[in-house]
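Note sheet for the following structure.
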Amino acid sequence: MPQTVTALTGSCVQIPCTFNISNFEDKRKTAKSIYGIWLKNKSQFADEDSFIAFNSSKNIIRGFSDVQMTGNLSESNCTTVFYNIMMNHSDSYYFRLEMEPNVFRATFNPSTDVSRKTVRINVRDSPQPPELKPNDLKVMEETTVNLICSAEAPCPKQPPTISWSNIPESAHITTQLQEKPDKNQSVFSYMTFKASYKDHRRNISCTATYPRNTPVASTVETIVMLRVLFPPKGTCVIITPSVGTNVTLTCKSRASPSNDLNYTWYKHGEEKPIAWGMKINLTKTQNQIGSYHCIAQNKYGKQSSEEAQCAVKGQSGLSHLVIYGCTGGLLAFVLLSAVFFYYMRTKASRQAHVIGSDQAEDKNRDTTAIYTNNATAISKNDEKKETDELHYGEIDFSKLQTGHKTREHSNNGPETEYSELQVTERKKQINSAQKMDELYAQVQKK
1 MPQTVTALTG SCVQIPCTFN ISNFEDKRKT AKSIYGIWLK NKSQFADEDS FIAFNSSKNI
61 IRGFSDVQMT GNLSESNCTT VFYNIMMNHS DSYYFRLEME PNVFRATFNP STDVSRKTVR
121 INVRDSPQPP ELKPNDLKVM EETTVNLICS AEAPCPKQPP TISWSNIPES AHITTQLQEK
181 PDKNQSVFSY MTFKASYKDH RRNISCTATY PRNTPVASTV ETIVMLRVLF PPKGTCVIIT
241 PSVGTNVTLT CKSRASPSND LNYTWYKHGE EKPIAWGMKI NLTKTQNQIG SYHCIAQNKY
301 GKQSSEEAQC AVKGQSGLSH LVIYGCTGGL LAFVLLSAVF FYYMRTKASR QAHVIGSDQA
361 EDKNRDTTAI YTNNATAISK NDEKKETDEL HYGEIDFSKL QTGHKTREHS NNGPETEYSE
421 LQVTERKKQI NSAQKMDELY AQVQKK
């Protein structure tokens, strides 16, 4: 028997029990009956103040709602289950074996070895947390990890259920009820996974839930932190402030353990390191402009960051001015071009409108006033005398309106008459080569 058994109020408790007596087989064959008795607090069976908790021969149960002897006495097994445990059931219990008639009667008296003859039942209101092994979990990256979570099962007919939380994605879990070396039973849950650097400092919890004859079940848990050892990862350079004359370069890296990380700084184009440590400070001197990278290293490996460009404020400001100036000039050019094209388009539209109006006006003027005076001189004698008559015509294209002048001459002799012709011209000529100020024509009739 185990020395102690922990029971939970509202549940049951099983006491694993076996016995060993000399010549047991012969005595069993002689006896007509065999039964077991459980005594509470005292081992004296005949005393008046002795407390018989259970007697299998008469099915006597005292102080418990139910007691069942699940072991077979003929096979030296006296395992017994006590149900509906309460706080007042905490005590020492003794097993007594009787074989009748008068074959064998004995209480496993604690006078010689108490630890082997008695069992102590400890009743609790809440269960004990599950046991998680190993409790100090420190593993190397990419190695296989085995975790074991166990919870006592004092009542095998109502064992606790075990669940895991915050476990790695690659975890594989198996659970089963097992007997421990002290004959008590427990639920064991085994989890296997491959450690990753992403699981570093992960809190893995194992939870045991005990069913009870109460409205609410009891739940307890145990947590273990997973520590994964790995070389530097995600190494990068951070520049603060991003704009300014004095900047600080910080080398960031994730590694385990992190307290022994070493940092080395390099400048592009230089083979030898320029500095050591997590941070370096740069000023606006010209020789510190350039690209930098760092290397983080621990005892498990090293990693280099990408190059980071460091420029001083003045250089950055100048480039900004150039960019802003180019952008402003381009916008001004686009705006002026738009205004110019708009002006030219408007001007062409107006010219087309004026030309159309002039053409319509010319159609209405079918003729230009031409004034002529003809004089014919006939001699009084019958001789026919032909006299040449001169006709002068004047056409003025520079004037818009038609005017006329008439000159009268005396009736003496042949009359010479002048005519002035005026033709309205367009105010504006498209082709300047065709413009003429004045056109004179002289016509002489004989």
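For the sequence shown, counting from 1, position 66 maps to 66 in full-length UniProt numbering; every step adds exactly one. We treat Cβ as the ideally placed atom computed from N, Cα and C, and that holds for glycine.
When C-alpha distances from Ile-162 are compared across Glu-221, Asp-26 and Asn-72, the shortest belongs to Glu-221. Secondary structure at Val-216: coil, using DSSP grouped into helix, strand and coil. Leu-177 sits in a strand when the DSSP states are folded into three classes. For Ile-61, same chain residues with a beta-carbon under 7 Å away, outside a window of 5 residues either side, are Phe-54 and Val-67 in chain order. Per DSSP, Phe-108 lies in no beta strand (DSSP E) and is assigned neither H nor E. The Cβ atoms of Thr-4 and Arg-120 sit closer than 8 Å to each other. If you check the CB distance, Gly-36 and Met-69 come in under 8 Å.
In this structure, Trp-265 sits near Ile-280, with a CB-CB distance shorter than 8 Å.
With contacts defined as CB atoms closer than 8 Å, Ser-126 and Ala-153 fail to qualify as a contacting pair. In this structure, DSSP gives Asp-199 a helical state, which the three-state scheme calls helix.
Here Arg-227 carries a strand assignment [DSSP, helix/strand/coil]. Ala-31 carries a coil assignment under DSSP once its states are collapsed to helix, strand and coil. Going by DSSP, Asn-84 is part of no beta strand (DSSP E) at all; its letter is neither H nor E. Of Pro-215, Lys-138 and Gly-277, the smallest CA-CA separation from Asn-262 is found for Gly-277. About 6 Å separates the CB atoms of Lys-194 and Thr-144; that is less than 8 Å, so the two are in contact.
Nearest to Phe-188 by C-alpha distance, out of Asp-182, Thr-207 and Ala-151, is Ala-151.
Segment contact: the region 228-238 against the region 207-214, fewer than three CB-CB distances shorter than 8 Å; contact not assigned. The alpha-carbon of Leu-226 is positioned some 41 Å away from that of Thr-118. Residue pairing for Ile-52: DSSP places it in a beta bridge opposite Leu-39. When the alpha-carbon of Lys-133 is set against those of Lys-157, Lys-27, Asn-88 and Tyr-190, the nearest one is in Tyr-190.
Arg-105 and Gln-178 have their C-alpha atoms some 34 Å from each other. Boundaries of the beta strand (DSSP E) harbouring Ser-256: 247-256, taken from the DSSP string. In this model, Asn-122 and Thr-107 are separated by some 22 Å (Cα to Cα). With a cutoff of 8 Å on beta-carbon distance, Thr-79 and Pro-16 are scored as near each other. One Cα belongs to Thr-30, the other to Asn-213, and the distance between them is close to 44 Å. By the Cβ neighbour-count rule, Asn-20 is exposed, with fewer than 16 other Cβ atoms within 10 Å of its own. Tyr-343 carries a helical assignment under DSSP once its states are collapsed to helix, strand and coil. Contact between Ser-256 and Ala-296 fails: their C-beta atoms lie close to 12 Å from each other, not under 8 Å. Your pair Glu-270 and Ser-196 does not check out as a contact, with CB atoms roughly 36 Å apart and the cut at 8 Å. Taking C-alpha positions only, Thr-283 is separated from Cys-251 by approximately 18 Å.
When the beta-carbon positions are compared, Phe-51 and Asn-41 come within less than 8 Å of each other. Its Cα nearest to that of Asn-88, the residue Thr-9 stands out among Asn-298, Ala-171, Thr-9 and Asn-246. Listed in chain order, the non-local C-beta contacts of Lys-157 below 7 Å within the same chain comprise Cys-12, local neighbours out to five positions each way being set aside.
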